[in-house]
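J.: Numbering of the sequence shown is given in the numbering used here, commencing with residue 848 and proceeding in unit increments. Take this structure, written in C-alpha coordinates, and hold onto it; I'll ask about it next.
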Amino acid sequence: MDGRKGEYKYTECGLDSVTLKDILVYHCTKCNALVPEIPAAGVLHRVIALRILTKKTLLSGGEIRFLRKLCGYSVNDFAATLGSSKSVISRFEKDGCGKENDRLIRMLVLAKFVRELANQPEQVLKNVTIQQLSSVVEDTLKLIAGKAQSNQRYEIPPEEISRYIGTEDAVPELAVQ
(Lines of atoms letter the chains of each structure in order from A and count residues from 1; the text may use other names and numbers.)
(Lines give C-alpha, C1' and ligand atoms only; values in the text may rest on other atoms or scores of the structure.)
Protein backbone atom coordinates (compact mmCIF):
# COMPACT_ATOMS: atom_id res chain seq x y z
CA MET A 1 0.00 0.00 0.00
CA ASP A 2 1.13 3.46 -0.90
CA GLY A 3 0.43 6.20 1.69
CA ARG A 4 0.06 9.90 0.92
CA LYS A 5 -1.36 12.92 2.68
CA GLY A 6 -4.45 14.37 1.13
CA GLU A 7 -8.21 14.78 1.36
CA TYR A 8 -10.55 11.94 2.21
CA LYS A 9 -14.34 11.95 1.89
CA TYR A 10 -15.31 10.43 5.24
CA THR A 11 -18.59 8.69 4.39
CA GLU A 12 -18.02 6.06 7.09
CA CYS A 13 -19.44 8.52 9.62
CA GLY A 14 -22.82 8.29 7.90
CA LEU A 15 -22.64 11.70 6.22
CA ASP A 16 -21.71 12.38 2.61
CA SER A 17 -20.66 15.91 3.46
CA VAL A 18 -17.53 15.39 5.60
CA THR A 19 -14.07 15.74 4.08
CA LEU A 20 -10.97 15.18 6.17
CA LYS A 21 -8.12 17.42 5.09
CA ASP A 22 -4.44 16.60 5.06
CA ILE A 23 -4.62 13.07 6.48
CA LEU A 24 -2.63 10.00 5.54
CA VAL A 25 -4.56 7.89 3.02
CA TYR A 26 -3.25 4.51 1.91
CA HIS A 27 -4.02 3.32 -1.60
CA CYS A 28 -3.82 -0.35 -2.53
CA THR A 29 -2.43 -0.60 -6.03
CA LYS A 30 -3.83 -4.12 -6.46
CA CYS A 31 -7.47 -3.66 -5.46
CA ASN A 32 -7.67 0.15 -5.67
CA ALA A 33 -8.96 0.40 -2.06
CA LEU A 34 -8.47 3.60 -0.06
CA VAL A 35 -7.75 3.27 3.66
CA PRO A 36 -7.48 6.48 5.71
CA GLU A 37 -5.48 6.81 8.89
CA ILE A 38 -8.10 8.47 11.07
CA PRO A 39 -6.63 10.23 14.10
CA ALA A 40 -8.72 10.13 17.28
CA ALA A 41 -12.03 8.98 15.77
CA GLY A 42 -13.99 9.73 18.97
CA VAL A 43 -12.75 13.31 18.97
CA LEU A 44 -13.30 13.59 15.22
CA HIS A 45 -16.96 12.59 15.58
CA ARG A 46 -17.45 15.21 18.26
CA VAL A 47 -15.79 17.86 16.07
CA ILE A 48 -18.23 16.93 13.30
CA ALA A 49 -21.08 17.16 15.82
CA LEU A 50 -19.88 20.61 16.95
CA ARG A 51 -19.90 21.74 13.32
CA ILE A 52 -23.42 20.39 12.88
CA LEU A 53 -24.64 21.92 16.15
CA THR A 54 -23.40 25.38 15.14
CA LYS A 55 -24.74 25.52 11.60
CA LYS A 56 -27.30 28.26 10.98
CA THR A 57 -29.78 26.20 8.98
CA LEU A 58 -32.03 23.36 10.02
CA LEU A 59 -30.52 19.93 10.48
CA SER A 60 -30.75 17.52 7.55
CA GLY A 61 -32.03 13.98 8.06
CA GLY A 62 -28.53 12.52 7.85
CA GLU A 63 -27.25 15.01 10.43
CA ILE A 64 -30.08 14.09 12.81
CA ARG A 65 -29.20 10.38 12.42
CA PHE A 66 -25.50 11.13 12.99
CA LEU A 67 -26.25 13.09 16.18
CA ARG A 68 -28.69 10.45 17.47
CA LYS A 69 -26.13 7.69 17.00
CA LEU A 70 -23.31 9.77 18.50
CA CYS A 71 -25.42 10.27 21.63
CA GLY A 72 -26.04 6.52 21.84
CA TYR A 73 -29.81 6.67 21.38
CA SER A 74 -31.71 3.88 19.67
CA VAL A 75 -34.57 5.11 17.48
CA ASN A 76 -37.05 4.05 20.19
CA ASP A 77 -35.14 5.81 22.99
CA PHE A 78 -34.73 8.94 20.89
CA ALA A 79 -38.47 8.95 20.11
CA ALA A 80 -39.35 8.53 23.79
CA THR A 81 -36.97 11.34 24.81
CA LEU A 82 -38.46 13.69 22.20
CA GLY A 83 -42.00 12.64 23.15
CA SER A 84 -42.58 11.24 19.69
CA SER A 85 -42.84 7.93 17.83
CA LYS A 86 -40.42 5.72 15.95
CA SER A 87 -42.12 6.59 12.64
CA VAL A 88 -41.70 10.33 13.28
CA ILE A 89 -37.99 9.86 14.04
CA SER A 90 -37.63 7.83 10.84
CA ARG A 91 -39.24 10.70 8.94
CA PHE A 92 -36.91 13.21 10.64
CA GLU A 93 -33.90 11.11 9.65
CA LYS A 94 -35.13 11.01 6.07
CA ASP A 95 -36.43 14.55 5.54
CA GLY A 96 -35.28 16.68 8.48
CA CYS A 97 -37.61 18.41 10.93
CA GLY A 98 -39.03 21.80 11.87
CA LYS A 99 -37.43 24.51 14.00
CA GLU A 100 -38.85 23.35 17.33
CA ASN A 101 -37.65 19.77 17.01
CA ASP A 102 -34.36 20.95 15.50
CA ARG A 103 -33.69 23.02 18.60
CA LEU A 104 -34.72 20.19 20.90
CA ILE A 105 -32.36 17.76 19.13
CA ARG A 106 -29.49 20.24 19.43
CA MET A 107 -30.21 20.67 23.13
CA LEU A 108 -30.15 16.88 23.65
CA VAL A 109 -26.73 16.71 22.01
CA LEU A 110 -25.53 19.65 24.08
CA ALA A 111 -26.72 17.82 27.21
CA LYS A 112 -24.69 14.77 26.10
CA PHE A 113 -21.57 16.92 25.71
CA VAL A 114 -22.13 18.62 29.06
CA ARG A 115 -22.44 15.21 30.76
CA GLU A 116 -19.19 14.12 29.11
CA LEU A 117 -17.35 17.27 30.16
CA ALA A 118 -18.70 17.24 33.71
CA ASN A 119 -18.70 13.56 34.63
CA GLN A 120 -15.89 11.82 32.84
CA PRO A 121 -12.56 11.43 34.59
CA GLU A 122 -10.99 11.30 31.11
CA GLN A 123 -12.80 13.79 28.87
CA VAL A 124 -13.11 13.01 25.18
CA LEU A 125 -12.95 16.68 24.19
CA LYS A 126 -10.12 18.59 25.83
CA ASN A 127 -9.57 22.35 25.95
CA VAL A 128 -13.25 23.28 25.87
CA THR A 129 -15.45 24.40 28.75
CA ILE A 130 -19.11 23.76 29.43
CA GLN A 131 -19.67 27.53 29.37
CA GLN A 132 -18.12 27.86 25.89
CA LEU A 133 -20.10 24.95 24.55
CA SER A 134 -23.40 26.13 26.01
CA SER A 135 -22.86 29.68 24.83
CA VAL A 136 -22.09 28.77 21.22
CA VAL A 137 -25.10 26.43 20.99
CA GLU A 138 -27.38 29.08 22.52
CA ASP A 139 -26.10 31.64 20.00
CA THR A 140 -26.76 29.19 17.17
CA LEU A 141 -30.31 28.51 18.36
CA LYS A 142 -31.07 32.21 17.92
CA LEU A 143 -29.76 32.18 14.33
CA ILE A 144 -31.38 29.05 12.89
CA ALA A 145 -33.31 29.94 9.78
CA GLY A 146 -34.49 28.41 6.57
CA LYS A 147 -34.76 24.85 5.46
CA ALA A 148 -32.29 22.06 6.01
CA GLN A 149 -29.28 22.12 3.73
CA SER A 150 -28.39 18.61 2.70
CA ASN A 151 -25.48 20.01 0.71
CA GLN A 152 -23.79 21.59 3.75
CA ARG A 153 -20.10 20.67 3.57
CA TYR A 154 -17.82 20.08 6.53
CA GLU A 155 -14.08 20.17 5.87
CA ILE A 156 -12.18 19.08 8.95
CA PRO A 157 -8.47 19.97 9.04
CA PRO A 158 -6.14 18.08 11.38
CA GLU A 159 -5.55 21.23 13.46
CA GLU A 160 -9.22 21.29 14.44
CA ILE A 161 -9.01 17.74 15.77
CA SER A 162 -5.69 18.27 17.54
CA ARG A 163 -6.91 21.29 19.52
CA TYR A 164 -9.57 19.09 21.17
CA ILE A 165 -7.18 16.21 21.87
CA GLY A 166 -5.28 18.30 24.38
CA THR A 167 -2.11 18.88 22.43
CA GLU A 168 -2.51 22.66 22.56
CA ASP A 169 -2.38 24.67 25.75
CA ALA A 170 -4.85 27.37 24.80
CA VAL A 171 -8.60 26.86 25.07
CA PRO A 172 -9.93 27.11 21.50
CA GLU A 173 -12.59 29.61 20.60
CA LEU A 174 -15.81 27.96 19.56
CA ALA A 175 -17.73 29.91 16.99
CA VAL A 176 -21.07 29.69 15.27
CA GLN A 177 -20.41 28.24 11.79
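No residue lacks a Cβ here, since even glycine has one placed at the ideal position from N, Cα and C. Just so we're clear, the structure is a prediction, and the values are computed from it rather than from any experiment.
Mind checking which residues open and close the alpha helix (DSSP H) that includes L1027?
T.: A query on residue 1027 cannot be resolved here, the shown segment of the chain reaching from 848 to 1024 and no further.
J.: Would you kindly work out how many angstroms separate the C-alpha atoms of G945 and V865, rounded to a whole number?
T.: C-alpha separation (whole angstroms): 23 Å.
J.: How many angstroms separate the CA atom of F960 from the CA atom of L990?
T.: Answer to the nearest angstrom: the Cα atoms are 21 Å apart.
J.: Around the Cβ of E1002, are there at least 16 other Cβ atoms within 10 angstroms (buried) or fewer (exposed)?
T.: Flag for E1002 reads exposed.
J.: From what residue to what residue does the alpha helix (DSSP H) around T987 run?
T.: I977 to L990 is the span of the alpha helix (DSSP H), which, as asked, contains T987.
J.: Taking all protein chains shown into account, do 16 or more other C-beta atoms lie within 10 angstroms of the C-beta of V890, making it buried, or fewer, making it exposed?
T.: That one is buried.
J.: Under 7 Å: does the beta carbon of L929 sit that close to some heavy atom of the ligand FMN?
T.: Of the ligands one can find in the structure shown there are none, so the ligand FMN has no counterpart to examine.
J.: Count the other C-beta atoms from every protein chain shown that fall within 10 angstroms of the C-beta of A1017, then say buried if there are 16 or more, exposed otherwise.
T.: Because the pLDDT at A1017 is just 43, under 50, the model does not fix this residue reliably, and the value given afterwards should be weighed accordingly. When all chains shown are included, A1017 counts as exposed.
J.: According to the neighbour-count rule (16 or more other Cβ atoms, all chains shown, within 10 Å of its Cβ), is C860 buried or exposed?
T.: It counts as buried.
J.: On a Cα-Cα basis, can you pick out the residue from M954, P886, I870 and L862 that is closest to E1081?
T.: As displayed, the chain neither begins before 848 nor continues past 1024, which places residue 1081 out of reach and without an answer.
J.: How many Å lie between V937 and N923 at the Cα?
T.: Reading off the sequence, residue 937 comes out as Ser, not Val. Going from the Cα of S937 to the Cα of N923 covers about 10 Å.
J.: Output yes or no for whether 8 Å exceeds the beta carbon distance between V984 and L955.
T.: No.
J.: Please classify L906: does DSSP put it in a helix, a strand, or coil?
T.: In this structure, L906 counts as coil in the three-state DSSP scheme.
J.: Determine the direct distance from the alpha carbon of N974 to that of Y1011, and round the result to whole angstroms.
T.: Their backbone Cα atoms lie some 6 Å apart in a straight line.
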